[in-house]
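In this note's numbering, the protein residues as written are 1 to 721.
Put into structure tokens, the structure is as follows:
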């Protein structure tokens with residue numbers, strides 16, 4: 001009996017579940033073609049066949065062509081695990097035609113427009129759309145812009161039809177196909193046939209396992225050098241990125257290597273591959289315990305060399321004027337203590353410096369004073385931050401223009417910077433939220449530095465480090481080779497702030513009881529339902545009082561009963577039930593976050609906005625990011641996620657008037673219950689913080705000061721003479 005379904009036609013009876021961000025779903029099917037003996041076994045209790053996997057969302061009633069494996073789900077029985085799903089070009093029914101147009105590959109036609117086209121042309125719809133496209137102007141509501149878009153899309157599809165058919169057949173998603181064609185053009189198929197692993201350099205949507213499956217099905221050698229080396233480097237880079245490190249523990253990497261490739265360890269494939277890659281200067285071995293990704297190691301060495309060079313050879317043409325310094329210190333709305341005064345002077349008298357301290361220690365006020373002093377003394381001050389939200393906050397704090405590091409560097413899609421020319425004389429780089437900055441960003445910043453450039457890193461080393469590789473702020477501080485002004489005293493005007501008080505207690509490992517203050521509420525609940533019952537009215541009231549963008553829900557986990565994903569679903573329903581339907585389950589008015597760097601759109605990972613409008617004719621959704629409007633179509637909408645609730649990492653670098661910290665214990669990833677994470681979440685609130693939690697989780701976080709150390713070398717390189 002077969003365990004595989006090959007290009008069989010089905011009717012989609014029901015879309016049971018669909019995640020538009022991951023393009024993963026579960027659908028109920030009825031077969032058009034006979035499936036033979038296996039058909040009866042596949043039928044579930046509802047009389048349909050279940051299929052799950054990654055595919056573009058079909059509409060109910062659509063005719064689809066599916067290939068996949070038959071699997072056994074412990075809970076739901078036999079299902080089809082989808083490898084490929086395409087909308088059939090069905091001209092035999094109204095539903096088939098509308099679904100083909102709306103969810104097929106033609107740009108510019110959404111579901112509403114497809115229905116209008118069918119109402120006008122009936123059974124001739126497909127013929128007219130594909131071969132008499134100008135006649136679409138006969139449809140009420142369709143203009144020349146839409147017709148032009150449809151024509152361009154059809155021309156593209158016809159030009160690349162063989163490539164699209166081939167790649168679809170081997171199980172590559174349409175979105176990835178478009179990216180591959182954009183990258184490789186007419187050579188796409190030949191390149192994929194020669195080395196399908198090149199897909200990994202273009203698309204983040206396919207895993208190594210998916211691409212590896214293509215390689216093996218094409219007859220690739222399971223223990224061939226190409227496969228072993230690609231797997232080793234892929235694992236090393238992925239593991240390093242996941243841990244924010246530049247290297248990995250060898251023993252751990254070895255276990256993952258054999259598991260990923262599903263090969264025996266009887267021969268030392270891992271060791272042989274590692275030695276080969278070391279000879280090719282792609283990895284560096286570290287004392288028998290670690291293996292480093294050489295590209296990352298080289299970046300850390302470059303950073304260290306540049307920092308040491310700046311410290312030794314600083315040649316300013318401008319001078320710091322002491323009368324301006326004293327005047328700006330006197331302009332503070334409060335009297336600086338000796339520690340804070342010393343920090344101002346030390347940062348001004350050091351070429352490369354760090355200004356660090358916890359919430360309430362005066363970092364922002366001192367940063368403002370330093371900005372004003374440098375500016376008044378004639379320096380070219382560049383205010384930077386890793387995120388757009390943090391950059392806007394830096395502007396509010398200093399009164400100067402601040403930019404994200406990405407925008408300042410004018411980075412390309414490859415992550416390289418165009419800005420390799422030297423900075424103008426006497427440039428001062430003030431980088432706020434430096435704990436979030438990874439080694440690649442910092443290295444690119446330093447490439448334009450000259451002997452008259454100064455660098456000031458401002459951040460809180462008690463917060464979470466960067467998501468990407470490296471530990472720039474922590475390693476720089478720990479090296480003890482760069483001047484650090486560490487603020488420890490809480491400012492007097494902050495002493496009455498409960499937020500600052502409890503941030504300090506968390507940071508110092510002091511547990512506290514549930515409490516209700518004017519600006520701080522900590523309450524425990526026995527069940528998730530009890531928590532939600534208290535949370536939702538509070539959330540609605542705060543949004544009404546200060547606005548949607550100034551209220552943020554923060555959760556450590558994506559999964560779980562009250563994890564980020566479920567909270568977003570609940571809040572979308574509660575806050576935007578009447579919003580106009582837009583793309584892939586989003587609605588006009590939804591709060592969303594961009595999840596990856598898109599250099600063409602000039603929008604970057606972590607930027608949050610609100611869906612402003614949806615044009616059903618153009619099939620385009622506009623997101624308002626405050627300073628610009630960014631369009632999204634059906635392909636790139638996957639770069640968005642709902643952002644009523646976010647993870648702690650995603651909220652880092654931002655501040656909100658009101659923050660809700662939701663702690664859950666239904667997720668298995670209890671390792672996220674740590675002090676640093678709770679501290680980072682609570683310190684995002686400016687005016688009010690709510691901690692709503694299951695019992696004992698706050699205590700657990702505060703008492704757990706463990707944090708997996710990052711495997712990096714920047715500290716060592718900075719300490720080298």
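Positions of the beta carbon are idealized from the N, C-alpha and C atoms, including for glycine.
- Judged by DSSP in its simplified three-state form, residue 537 adopts helix.
- Pairing residue 609 with residue 588 gives a Cβ-Cβ distance that is not under 8 Å.
- Closest by C-alpha distance to residue 193, out of 245, 298, 216, is 216.
- Three or more Cβ pairs closer than 8 Å define a contact, and the stretch 502 to 514 falls short of that threshold against the stretch 376 to 392.
- In this structure, residue 717 and residue 304 form a Cβ contact; the two beta carbons are roughly 3 Å apart against a cut-off of 8 Å.
- Remark: C-beta atoms of residue 348 and residue 324 do not approach each other more closely than 8 Å.
- Counting C-beta pairs with one atom in each stretch, the stretch 285 to 299 and the stretch 227 to 246 have three or more that are closer than 8 Å, which means they touch.
- When rounded, the separation of the alpha-carbon atoms in residue 131 and residue 108 is 16 Å.
- In the structure shown, residue 324 adopts helical secondary structure according to DSSP, grouped into three states.
- Within the stretch 335 to 386, the runs of beta strand (DSSP E) at least 3 residues long that lie entirely inside it are, in chain order, 352 to 356, 380 to 385.
- Residue 142 is classed as buried because its beta carbon has at least 16 other beta carbons within 10 Å across all chains shown.
- For residue 172, no beta strand (DSSP E) encloses it, and the DSSP letter there is neither H nor E.
- Residue range 591 to 594 is occupied by the beta strand (DSSP E) that includes residue 593, with no alpha helix (DSSP H) assigned at that position.
- Secondary structure at residue 160: coil, using DSSP grouped into helix, strand and coil.
- In the three-state reduction of the DSSP assignment, residue 636 falls in the helix class.
- In this structure the stretch 641 to 657 does not touch the stretch 472 to 489; the number of beta carbon pairs closer than 8 Å is below three.
- At a Cβ-Cβ threshold of 8 Å, residue 200 and residue 166 do not count as neighbours.
- When the five nearest sequence neighbours on each side are left out, the beta carbons in the same chain lying within less than 7 Å of the beta carbon of residue 477 are those of 354, 356, 461, 484, in order along the chain.
- Within the stretch 225 to 312, the complete alpha helix (DSSP H) segments of 4 residues or longer fall at 225 to 243, 250 to 261, 269 to 279, 294 to 312, listed in chain order.
- Residue pairing by DSSP places residue 53 opposite 25, 82 in a beta bridge.
- DSSP places residue 135 in the helix class (H, G or I) of the three-state scheme.
- In the structure shown, residue 552 adopts extended strand secondary structure according to DSSP, grouped into three states.
- Shown here, residue 673 sits in coil according to DSSP, grouped into three states, outside any helix or strand.
- Under the three-state reduction of DSSP output, residue 713 falls in the coil class, being neither helix nor strand.
- C-alpha of residue 63 to C-alpha of residue 87: approximately 6 Å in a straight line.
- In its chain, beyond the 5 residues on either side, 235, 236, 239, 291 have a beta carbon closer than 7 Å to the beta carbon of residue 253.
- Restricting attention to 138, 129, 179, the CA atom closest to the CA of residue 155 is found in 129.
- Distances from the CA of residue 82 to each of 61, 52, 57, 110 were compared; the closest alpha carbon is that of 52.
- The stretch 530 to 541 makes contact with the stretch 564 to 580; the number of CB pairs closer than 8 Å reaches 3 or more.
- Burial check for residue 552: the Cβ neighbour count within 10 Å reaches 16 or more, so the residue is buried.
- The C-alpha of residue 157 is placed about 18 Å away from the C-alpha of residue 114.
- Following the DSSP letters along the chain, one finds residue 569 in no beta strand (DSSP E) but inside the alpha helix (DSSP H) bounded by residues 564 to 575.
- Take the alpha-carbon of residue 341 and the one of residue 285: they are about 45 Å apart.
- Residue 377 and residue 443 have their alpha carbons spaced roughly 27 Å apart.
- Setting aside the 5 residues that flank it on each side, residue 350 is surrounded in the same chain by 483, each with a C-beta closer than 7 Å to its C-beta; the list follows chain order.
- The stretch 450 to 532 is shown to contain whole beta strand (DSSP E) runs of 3 or more residues at 454 to 459, 483 to 486, 520 to 524, in chain order.
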